[in-house]
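Asker: Before I ask anything, here is the structure I am working with.
There are 2 protein chains.
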Amino acid sequence: MITIALAKGALLKDSISIFKKAGLDFSDALNIDNRMLTIRSKCGKGKALLVRNGDVPVYVSYGQADLGIVGYDVLRESDLVIAKLLDLGFGGCTMSLAVKEDSGYLKPTDLPANCNVASKFVKTARAYFEKMNIPVDIIHLTGSVELGPITGMAEAIVDLVATGKTLKENGLIKIDDLYYSTARLIANPLSLRTENTLQELILTIESSINTF
Amino acid sequence: MITIALAKGALLKDSISIFKKAGLDFSDALNIDNRMLTIRSKCGKGKALLVRNGDVPVYVSYGQADLGIVGYDVLRESDLVIAKLLDLGFGGCTMSLAVKEDSGYLKPTDLPANCNVASKFVKTARAYFEKMNIPVDIIHLTGSVELGPITGMAEAIVDLVATGKTLKENGLIKIDDLYYSTARLIANPLSLRTENTLQELILTIESSINTF
Numbered sequence: 556m557i558t559i560a561l562a563k564g565a566l567l568k569d570s571i572s573i574f575k576k577a578g579l580d581f582s583d584a585l586n587i588d589n590r591m592l593t594i595r596s597k598c599g600k601g602k603a604l605l606v607r608n609g610d611v612p613v614y615v616s617y618g619q620a621d622l623g624i625v626g627y628d629v630l631r632e633s634d635l636v637i638a639k640l641l642d643l644g645f646g647g648c649t650m651s652l653a654v655k656e657d658s659g660y661l662k663p664t665d666l667p668a669n670c671n672v673a674s675k676f677v678k679t680a681r682a683y684f685e686k687m688n689i690p691v692d693i694i695h696l697t698g699s700v701e702l703g704p705i706t707g708m709a710e711a712i713v714d715l716v717a718t719g720k721t722l723k724e725n726g727l728i729k730i731d732d733l734y735y736s737t738a739r740l741i742a743n744p745l746s747l748r749t750e751n752t753l754q755e756l757i758l759t760i761e762s763s764i765n766t767f
Numbered sequence: 556m557i558t559i560a561l562a563k564g565a566l567l568k569d570s571i572s573i574f575k576k577a578g579l580d581f582s583d584a585l586n587i588d589n590r591m592l593t594i595r596s597k598c599g600k601g602k603a604l605l606v607r608n609g610d611v612p613v614y615v616s617y618g619q620a621d622l623g624i625v626g627y628d629v630l631r632e633s634d635l636v637i638a639k640l641l642d643l644g645f646g647g648c649t650m651s652l653a654v655k656e657d658s659g660y661l662k663p664t665d666l667p668a669n670c671n672v673a674s675k676f677v678k679t680a681r682a683y684f685e686k687m688n689i690p691v692d693i694i695h696l697t698g699s700v701e702l703g704p705i706t707g708m709a710e711a712i713v714d715l716v717a718t719g720k721t722l723k724e725n726g727l728i729k730i731d732d733l734y735y736s737t738a739r740l741i742a743n744p745l746s747l748r749t750e751n752t753l754q755e756l757i758l759t760i761e762s763s764i765n766t767f
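Going down the list, the sequences are from chains A and B. Heads up: the first sequence is residues 556 to 767, going by the working numbering. Heads up: the second sequence is residues 556 to 767, going by the working numbering.
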C-alpha cells in the first residue's frame with residue numbers, strides 16, 4: 556500500500572487529478588461533506604492523508620506518507636529531510652514583496668532601515684533581506700498579512716500572490732518577486748530507495764505531466 | 556478611537572457580545588458574507604481588526620490594537636509583551652494529553668522514552684514534558700493533530716479538547732489535562748497607561764462579566 560500526503564485547499568483538486576491519471580483515484584476526497592482525514596483509493600492500492608499544506612512535508616519526512624504534493628513555498632520554509640522529485644506545474648503563484656500603493660517605495664532598497672515586514676513565510680523573508688543586506692524586523696503573522704501595512708504595523712509584506720486581487724483590494728502593490736512557486740512531488744527518501752512500486756508510480760506521474 | 560483585535564472563529568460571537576454590552580457594537584462582523592478585515596463600531600468610537608487567533612497578541616503587542624480577546628492557549632505559546640487583564644470565562648476548553656484508546660497508556664509516565672508527541676502547541680507540550688522529566692520528541696503539526704497517533708507517527712498528542720467529539724471519532728482518549736483555557740482580555744501596556752477611555756472601557760467590561 557502506497558500512502559500519499561495531500562494538501563487540503565487550493566492544490567487538492569489538481570493533486571487528485573495527477574494521481575487519478577497514474578491509477579490511484581482519491582476523488583472521494585473532493586466531496587465537500589467529507590470530513591475524513593484518510594481516504595482509500597478506489598482500487599484499494601493507495602491511501603491518502605488529507606492534511607494542511609504545511610504538514611505535508613512532516614508526514615513524508617517521518618515516513619507516514621511515501622509521497623506528498625505540496626507547494627514550493629512550504630518546502631522553502633521547511634528544514635525536514637525529504638526527496639524533492641518533480642515540479643508538477645500547477646498551483647502557480649509568486650512569492651512577492653508588496654507595499655502600500657501610496658508609500659512611495661518603488662524597490663526593496665527604498666524601505667527604511669529596521670522597518671517592520673510582516674509575513675507568514677518568516678524564513679523566506681529573512682533570507683531575502685539578509686541576502687540584500689537590508690536590515691528589517693520580520694513580524695510573523697499567520698493570516699491576512701495585508702493588515703500589516705493597512706494598520707501601520709509593517710511597511711511591507713512578503714506573501715504569496717496568485718491573481719493579485721487581494722493586494723489590489725487592500726491598496727497594496729508588488730515591488731519585487733522572490734520566486735515563483737508551484738506544486739511539487741516529494742517522497743520519503745527511504746521509501747524511495749526501498750519500494751519498487753513507488754518508483755513505477757513516480758515514472759507514470761512524470762510521463763503524464765510531460766504530456767500536458 | 557479605540558482599536559480592538561478580535562479572533563475570527565469560535566471566540567468571535569462571544570467577543571462581540573462582550574463589547575456590545577460595553578457600548579461598542581461590531582456585530583456587522585458576524586455577517587458571514589463579510590470579508591472585511593476591519594470593522595467600525597456602529598457609534599464610530601471603536602474599530603475592530605478581525606484576525607487569526609494566533610495574531611491577536613501580535614497586533615496588541617505592536618500597539619496596532621489597544622485591546623484584544625484571545626484564547627489562553629494562544630497566550631501560553633506567545634513571547635510577546637502584552638498586559639493580561641481579565642478572564643472572560645467563555646470559550647472554555649482543556650489542553651489535554653491524549654493517546655490511542657488501545658495503546659495501553661493510562662498516564663503520561665507510561666509513554667515510552669523518546670517517543671513522538673504531535674502538537675500545534677509546541678512550547679506548551681515541551682514545557683509539560685520537561686517539567687515531568689519525560690524525554691519526548693515534539694512534532695509540530697498545524698492541523699488535524701489526531702492524525703499523528705492514527706498514522707503511527709506519534710504515540711500521543713497535546714491538543715485543545717472542547718467537547719471530546721474529535722478524540723472519540725478518532726479512537727483517542729485523554730490521559731491528562733495540562734490546563735483549562737478560556738478567552739482573555741489583553742491590552743497594549745502603553746495604551747493601558749496613557750488612554751483614559753481605555754481604562755473606562757475595561758472597567759465596564761469587568762463589571763459586565765461579573766454580573767453574568
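Even glycine gets a Cβ: it sits at the ideal position worked out from N, Cα and C. These numbers were taken from a predicted model, which means no experiment stands behind them.
1. Using CA atoms only, rank isn't needed, just tell me which of A:610, A:611 and A:594 is closest to residue 603 of chain A.
2. How should residue 724 of chain B be labelled, buried or exposed, when 16 other C-beta atoms within 10 angstroms of its C-beta is the threshold for buried?
3. So, are the CB atoms of residue 673 of chain A and residue 712 of chain A less than 8 Å apart?
4. Within its chain, find whatever has a CB closer than 7 Å to the CB of residue 582 of chain A; leave out the 5 residues flanking it on each side and keep chain order.
5. Roughly how many angstroms lie between the CA atoms of residue 627 of chain B and residue 763 of chain B, to the nearest whole one?
6. Is the distance from the Cβ of residue 652 of chain A to the Cβ of residue 727 of chain A below 8 Å?
7. So which residues on chain B does residue 705 of chain A lean against when the C-beta distance must stay under 8 Å?
8. Return no unless some Cβ of chain B is closer than 8 Å to the Cβ of residue 694 of chain A.
9. Do the segment 749-758 of chain A and the segment 604-614 of chain B make contact, defined as three or more Cβ pairs closer than 8 Å?
10. Beta carbon of residue 643 of chain B, beta carbon of residue 721 of chain B: below 8 Å?
11. Per DSSP, residue 602 of chain B is paired with what?
12. May I have the straight-line CA-CA distance separating residue 598 of chain A from residue 756 of chain A, to the nearest angstrom?
13. Can you tell me whether residue 704 of chain B is buried or exposed, with buried defined as 16 or more other CB within 10 angstroms of its CB?
14. When you compare the CB positions of residue 562 of chain A and residue 636 of chain A, do they come within less than 8 Å of one another, or not?
15. Output, in chain order, the set of chain C residues within a Cβ distance shorter than 7 Å of residue 697 of chain B.
16. Sort A:710, A:641, A:741 and A:618 by Cα distance to residue 663 of chain A and report the nearest one.
17. Relative to the C-alpha of residue 646 of chain B, which residue among B:765, B:747, B:741 and B:717 is closest?
18. I'd like to know if residue 627 of chain A contacts chain B, where contact means its C-beta is closer than 8 Å to some C-beta of that chain.
19. Please state whether DSSP places residue 729 of chain A in a helix, a strand or coil.
20. For residue 708 of chain A, return the contacting residues in chain B, with the cut-off set at a CB-CB distance below 9 Å.
21. Grab the span of the alpha helix (DSSP H) containing residue 635 of chain B for me, first residue to last.
22. Indicate the three-state DSSP secondary structure (helix, strand or coil) for residue 703 of chain A in the structure shown.
23. If we ignore side chains and look at the alpha-carbon of each, how far apart do residue 687 of chain A and residue 634 of chain B end up?
24. Locate the alpha helix (DSSP H) running through residue 613 of chain B, then write down its first and last residues.
Answerer: From the atom records:
1. On the first sequence, residue 603 of chain A is found 48 positions in, with the first residue counted as 1. Closest option to residue 603 of chain A, Cα to Cα, is A:594.
2. Counted from its first residue, the second sequence places residue 724 of chain B at position 169. Residue 724 of chain B comes out exposed.
3. Here residue 673 of chain A is taken as the residue at index 118 of the first sequence, counted from 1. Here residue 712 of chain A is taken as the residue at index 157 of the first sequence, counted from 1. Yes.
4. As a position in the first sequence, residue 582 of chain A is number 27, starting the count at 1. So the qualifying residues of the chain are 571 and 575.
5. The residue you call residue 627 of chain B lines up with position 72 of the second sequence. The residue you call residue 763 of chain B lines up with position 208 of the second sequence. For residue 627 of chain B and residue 763 of chain B, the distance between alpha carbons rounds to 20 Å.
6. Locating residue 652 of chain A in the first sequence gives position 97, counting from the first residue. Locating residue 727 of chain A in the first sequence gives position 172, counting from the first residue. Residue 727 of chain A is positioned such that its CB atom lies no closer than 8 Å to that of residue 652 of chain A.
7. Residue mapping note: residue 705 of chain A aligns to position 150 of the first sequence, counting from 1. Correct list: 592 and 593.
8. What you label residue 694 of chain A is simply residue 139 of the first sequence in a count that begins at 1. With 8 Å as the cut-off, residue 694 of chain A counts as an interface residue toward chain B.
9. no
10. Counted from its first residue, the second sequence places residue 643 of chain B at position 88. Counted from its first residue, the second sequence places residue 721 of chain B at position 166. Taking 8 Å as the Cβ cut-off, residue 643 of chain B and residue 721 of chain B do not qualify as a contacting pair.
11. Locating residue 602 of chain B in the second sequence gives position 47, where the first residue counts as 1. In the DSSP output, where bridge partners are listed per residue, residue 602 of chain B has B:558 and B:595.
12. Counted from its first residue, the first sequence places residue 598 of chain A at position 43. Counted from its first residue, the first sequence places residue 756 of chain A at position 201. Straight-line measurement puts the Cα of residue 756 of chain A at about 14 Å from the Cα of residue 598 of chain A.
13. What you label residue 704 of chain B is simply residue 149 of the second sequence in a count that begins at 1. The residue is buried, with at least 16 neighbouring Cβ atoms inside 10 Å.
14. Numbered from its first residue, the first sequence carries residue 562 of chain A at position 7. Numbered from its first residue, the first sequence carries residue 636 of chain A at position 81. No. Outside cutoff.
15. This model lacks chain C altogether; the protein chains it does include are A and B.
16. What you label residue 663 of chain A is simply residue 108 of the first sequence in a count that begins at 1. Answer by Cα proximity: A:710.
17. Looking up residue 646 of chain B in the second sequence gives position 91. With distances taken between Cα atoms, residue 646 of chain B lies closest to B:717.
18. On the first sequence, residue 627 of chain A is found 72 positions in, with the first residue counted as 1. With 8 Å as the cut-off, residue 627 of chain A does not count as an interface residue toward chain B.
19. As a position in the first sequence, residue 729 of chain A is number 174, starting the count at 1. Strand.
20. If you number the first sequence from 1, residue 708 of chain A lands on position 153. Going along chain B in sequence order, the residues near residue 708 of chain A (Cβ under 9 Å) are 613, 614, 617, 618 and 619.
21. One-based indexing of the second sequence puts residue 635 of chain B at position 80. It is not in any alpha helix (DSSP H) - residue 635 of chain B carries neither H nor E in the DSSP assignment.
22. Taking the first sequence and counting its residues from 1, the one referred to as residue 703 of chain A is at position 148. Residue 703 of chain A falls in the helix class under three-state DSSP.
23. Walking along the first sequence from the start, residue 687 of chain A turns up at place 132. Walking along the second sequence from the start, residue 634 of chain B turns up at place 79. Answer to the nearest angstrom: the Cα atoms are 28 Å apart.
24. Residue mapping note: residue 613 of chain B aligns to position 58 of the second sequence, counting from 1. Segment 611-616, the alpha helix (DSSP H) holding residue 613 of chain B.
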